[in-house]
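Residue numbers (our numbering): 20 to 335. Note that the Cβ used here is the ideal one computed from N, Cα and C, for glycine as well.
Quick look at the structure:
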């Protein structure tokens, strides 16, 4: 086993367990907001988004890509204090790679990401943990266990995850020592307050002449946010998506003076500016994807942030 020290425990709650407020929160998320609740409007209507999914299918049938991570943006004009929002989000939906950035007086980023892009130890071991596969939490422990089981056995989600595992292995294989790249955990379930996730872990040891900056340069952006093959998928997604992703799909983290680094994938992330709040969300499209299910999954991934905004406004 590579000499990576264990990560700090993720605030993950196994299927059927009941983190404080989890099932009541899922119940609340299903309801409409009350008076004054912020409205989040997607850049793409459901019809437009589903047409883009059809376009992804055409690219896949033509052999242009195997998998495309299609995304969109949701926007609200509600004025919410971003730092107070972040504090509430930490309580409602804790995540292992949460971050708050105040970039200027009128620009802040609140991230509640469950996904690791790269962790690099000072002696050159690299770890990446792509997520592909998402389901809602159940409304009771029995339903919760069944939903997690269905996710782990789903042919479509397993295919999506495996494609990205192969992509990440390929990315790391170009910069790691021969024979060092391996997958100690394949398609494990990690459960958070509002969702179950299908997560794989890939590790390898950097070539001795390379450092953390070389590693990021060779692997950015995270394959789970692009599709496979990465370069062609990026071109196709740039054509399909109606607005720039911004920091969404990017990364937040640190580089240490001792050569170590740890970086997240910017998902479950809100950007606050003078206009209000913006969220990014999406999902992997494969030949097995069904357009309506992909639309629902995209909305599911925003629910923790949207519900946080609604409870914040309700408390005003």
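Review point. Cα separation between residue 141 and residue 324?
Key: Each residue's CA atom was taken as its position, placing residue 141 and residue 324 some 34 angstroms apart.
Check your understanding: Based on the DSSP output, what are the partners of residue 135 in its beta bridges?
Key -> Residue 135 is bridged to 148 and 283.
Exercise for review: Within the same chain, show all residues whose beta-carbon is closer than 7 angstroms to that of residue 273, passing over the 5 residues directly before and after it, in chain order.
Suggested key: If we look at residue 273 and ignore the five residues flanking it on each side, its Cβ neighbours are 280 and 281.
Point to revise | Nearest-angstrom Cα separation, counted from residue 217 out to residue 243 | key: If you draw a straight line from the Cα of residue 243 to the Cα of residue 217, it is about 12 angstroms long.
Check your understanding: Are the segment 246 to 260 and the segment 282 to 297 touching by the rule of at least three beta carbon pairs closer than 8 angstroms?
Key -> Counting C-beta pairs closer than 8 angstroms gives fewer than three between the segment 246 to 260 and the segment 282 to 297, which falls short of the contact rule.
Check your understanding: Which word fits residue 198, buried or exposed, when buried means at least 16 other C-beta atoms lie within 10 angstroms of its C-beta?
Key -> Residue 198 should be labelled exposed.
Practice item. Say whether the segment 177 to 193 touches the segment 149 to 162, bearing in mind that this needs 3 or more beta-carbon pairs closer than 8 angstroms, one atom from each stretch. Key: Because the criterion of three Cβ pairs below 8 angstroms is met, the segment 177 to 193 and the segment 149 to 162 touch.
**Study point:** Closest Cα partner of residue 271 within the set 74, 99, 121 and 94
**Key:** If we check each option's Cα against that of residue 271, 121 comes out closest.
Review point. So, helix, strand or coil for residue 58, using DSSP?
Key: Three-state DSSP puts residue 58 in coil, outside helix and strand.
**Study point:** Inter-residue Cα distance where the pair is residue 318 and residue 306
**Key:** Answer to the nearest angstrom: the Cα atoms are 21 angstroms apart.
Exercise for review: Thinking residue 215 and residue 170 are a contact (beta carbons under 8 angstroms), I'd like their distance in whole angstroms, please.
Suggested key: The beta-carbon distance between residue 215 and residue 170, rounded to whole angstroms, is 5 angstroms. This is short enough to meet the 8 angstroms contact definition.
Check your understanding: Thinking C-alpha only, which one of 187, 255 and 241 is nearest residue 266?
Key -> Answer by Cα proximity: 241.
Practice item. Tell me the start and end of each unbroken beta strand (DSSP E) in the segment 188 to 266 that is at least 3 residues and wholly inside, in chain order. Key: The segment 188 to 266 contains, as complete beta strand (DSSP E) runs of 3+ residues, the segments 201 to 210 and 214 to 224 (chain order).
Point to revise | Complete beta strand (DSSP E) runs within the segment 147 to 177 (minimum length 3 residues, chain order) | key: Runs of the beta strand (DSSP E) lying entirely within the segment 147 to 177, each at least 3 residues long, are 150 to 155 in chain order.
**Study point:** DSSP-derived helix/strand/coil call for residue 180
**Key:** In the three-state DSSP reduction, residue 180 falls in the helix class (H, G or I).
Check your understanding: residue 194 CB to nearest chain B CB: under 8 angstroms?
Key -> Looking for chain B here will not work: only one protein chain is present.
Review point. DSSP on residue 321, reduced to helix/strand/coil?
Key: Coil at residue 321, not helix or strand.
Exercise for review: Give the straight-line distance between the Cα atoms of residue 213 and residue 112, rounded to the nearest whole angstrom.
Suggested key: Residue 213 and residue 112 have their C-alpha atoms some 8 angstroms from each other.
Check your understanding: When the Cα of residue 255 is compared with those of 320, 77, 195 and 65, which residue comes out closest?
Key -> Ranking the options by Cα distance to residue 255, first place goes to 77.
Check your understanding: Can at least three beta-carbon pairs, one atom from the segment 59 to 73 and one from the segment 221 to 237, be found at a separation below 8 angstroms?
Key -> The segment 59 to 73 is not in contact with the segment 221 to 237.
Check your understanding: Who are residue 304's beta bridge partners in DSSP?
Key -> Paired residues: 87.
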